[in-house]
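Colleague: The structure's right below; bear with me while I get my questions together.
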Amino acid sequence: QQQVKQSPQSLIVQKGGISIINCAYENTAFDYFPWYQQFPGKGPALLIAIRPDVSEKKEGRFTISFNKSAKQFSLHIMDSQPGDSATYFCAATDDQTGANNLFFGTGTRLTVIP
Amino acid sequence: DTAVSQTPKYLVTQMGNDKSIKCEQNLGHDTMYWYKQDSKKFLKIMFSYNNKELIINETVPNRFSPKSPDKAHLNLHINSLELGDSAVYFCASSPKIGRASYEQYFGPGTRLTVT
Numbered sequence: 004q005q006q007v008k009q010s011p012q013s014l015i016v017q018k019g020g021i022s023i024i025n026c027a028y029e030n031t032a033f034d035y036f037p038w039y040q041q042f043p044g045k046g047p048a049l050l051i052a053i054r055p056d057v058s059e060k061k062e063g064r065f066t067i068s069f070n071k072s073a074k075q076f077s078l079h080i081m082d083s084q085p086g087d088s089a090t091y092f093c094a095a096t097d098d099q100t101g102a103n104n105l106f107f108g109t110g111t112r113l114t115v116i117p
Numbered sequence: 039d040t041a042v043s044q045t046p047k048y049l050v051t052q053m054g055n056d057k058s059i060k061c062e063q064n065l066g067h068d069t070m071y072w073y074k075q076d077s078k079k080f081l082k083i084m085f086s087y088n089n090k091e092l093i094i095n096e097t098v099p100n101r102f103s104p105k106s107p108d109k110a111h112l113n114l115h116i117n118s119l120e121l122g123d124s125a126v127y128f129c130a131s132s133p134k135i136g137r138a139s140y141e142q143y144f145g146p147g148t149r150l151t152v153t
């Protein structure tokens, strides 16, 4: 079953706007929540990540908001740029398996219109 | 100075053939992974390897076998290829197991097409 649910499937935003992608999980053992960015023909690249002991993490124009009680987290991209057009994946993992396997969401294809 | 590299980038083959995909990381990481990305871009873990030992095999057909000659390499062998094996396969690595570091670094992917 899908361990991490992600929405929306696709998103179109005007340049300068805010892009918001949401994810939800059920497994309370998850303790690391990264976001990956993937350009066509490339591998996913780590963008930003958060642990459940904080509610927000910001790096440049990218912010993760985390709601532990609701088991939800989201990625906000401020001042979205055409270069941000890519597929974004949320993910979650824990150390119970001893391997930090990443469970990915289904991805959001972001298009930023100039 | 590519961190995680995979060869080949593209692989086209016929059903029933046996093929291999190679992965190398020069990051000094302890753990390596194989992921499969299907046509809908869904990413799913296949294998995790730490210090040349298999940790996780996520319900993958035994036609798929990972082989790690050393800590820097994790190759994926696929026997008796099927149409449904067509996908993009990503290798990844991470520094260590446990809470200390979860960051995984992905290779560029190998697009496998089975005809």
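Quick mapping for you: the protein sequence lines, in order, are chains A and Y.
Note that our numbering has the first sequence beginning at 4, numbered continuously upward.
Note that our numbering has the second sequence beginning at 39, numbered continuously upward.
Ideal Cβ positions, reconstructed from N, Cα and C, are used throughout, including at glycine.
#1: Which residues in the same chain have their Cβ closer than 7 Å to the Cβ of residue 74(Y), if we skip the five residues on either side of it in sequence?
#2: Three-state secondary structure (DSSP) at residue 34(A)?
#3: By the 10 Å Cβ neighbour count, where 16 or more other Cβ atoms means buried, how is residue 42(A) classified, buried or exposed?
#4: For residue 138(Y), which of helix, strand or coil comes out of DSSP?
#5: Could you have a look at residue 85(A) and say whether DSSP puts it in helix, strand or coil?
#6: Taking Cβ-Cβ distances shorter than 7 Å, what residues in chain Y pair up with residue 33(A)?
#7: Which stretch, first to last residue, makes up the beta strand (DSSP E) that contains residue 151(Y)?
#8: Can you tell me the Cα-Cα spacing of residue 88(Y) and residue 60(Y), whole angstroms?
#9: If you count every other CB in all the chains shown that lies within 10 Å of the CB of residue 138(Y), and 16 or more means buried, which is it?
#10: Give the DSSP bridge partners of residue 16(A), in chain order.
#11: Taking only beta-carbon atoms, is residue 125(Y) less than 9 Å away from chain A?
#12: In whole angstroms, what separates the C-alpha of residue 45(A) from that of residue 42(Y)?
#13: Of the residues that make up the region 93-127 of chain Y, which ones have a beta carbon closer than 7 Å to any beta carbon in chain B?
#14: From the beta carbon of residue 78(A), is the nearest beta carbon of chain Y less than 9 Å away?
#15: Measure from the C-beta of residue 105(A) to each C-beta in chain Y and report whether the shortest distance is under 9 Å.
#16: Would you please verify whether the beta carbon of residue 62(Y) is less than 9 Å from any beta carbon of chain A?
#17: Thinking residue 36(A) and residue 69(A) are a contact (beta carbons under 8 Å), I'd like their distance in whole angstroms, please.
#18: For the region 58-72 of chain Y against the region 103-117 of chain Y, are there 3 or more C-beta pairs whose distance is under 8 Å?
#19: For a test of the three-state rule: what should DSSP assign to residue 68(Y), helix, strand or coil?
#20: Who are the neighbours of residue 90(A) on chain Y, taking C-beta pairs under 7 Å?
Modeller: The short version:
#1: Closer than 7 Å at the Cβ level, and outside the excluded window around residue 74(Y), lie 82, 84, 125, 127.
#2: Looking at residue 34(A) - three-state DSSP - the assignment turns out to be coil, as it is neither helix nor strand.
#3: Flag for residue 42(A) reads exposed.
#4: Because residue 138(Y) sits at a pLDDT of 45, beneath the cut-off of 50, its placement in the model cannot be relied upon, and the following sentence gives the value as read from the coordinates. Coil, per DSSP.
#5: The three-state reading of DSSP puts residue 85(A) in helix, counting H, G and I together.
#6: Against chain Y, a Cβ distance below 7 Å from residue 33(A) picks out nothing, because the smallest value is about 11 Å.
#7: It spans 148-152 - the beta strand (DSSP E) in which residue 151(Y) sits, taken as one unbroken run.
#8: Rounded to whole angstroms, residue 88(Y) to residue 60(Y) spans 17 Å at the Cα level.
#9: For residue 138(Y), the predicted structure reports a pLDDT of 45, less than 50, and the residue's modelled location is therefore unreliable. The matter cannot be settled from this model.
#10: Residue 16(A) pairs with 115(A).
#11: No, its Cβ sits nowhere closer than 9 Å to a Cβ of chain A.
#12: Each residue's CA atom was taken as its position, placing residue 45(A) and residue 42(Y) some 12 Å apart.
#13: Absent from the structure is chain B; the protein chains it does hold are A and Y.
#14: Interface residue (Cβ-Cβ distance to chain Y less than 9 Å): residue 78(A) is not classified as such.
#15: For residue 105(A), the closest Cβ of chain Y is nearer than 9 Å.
#16: No, its Cβ sits nowhere closer than 9 Å to a Cβ of chain A.
#17: Going by Cβ atoms, the distance from residue 36(A) to residue 69(A) rounds to 7 Å, so yes, they are a contact pair.
#18: Enough Cβ pairs lie closer than 8 Å, so yes.
#19: Judged by DSSP in its simplified three-state form, residue 68(Y) adopts coil rather than helix or strand.
#20: Near residue 90(A) (Cβ distances below 7 Å), the residues of chain Y are 79.
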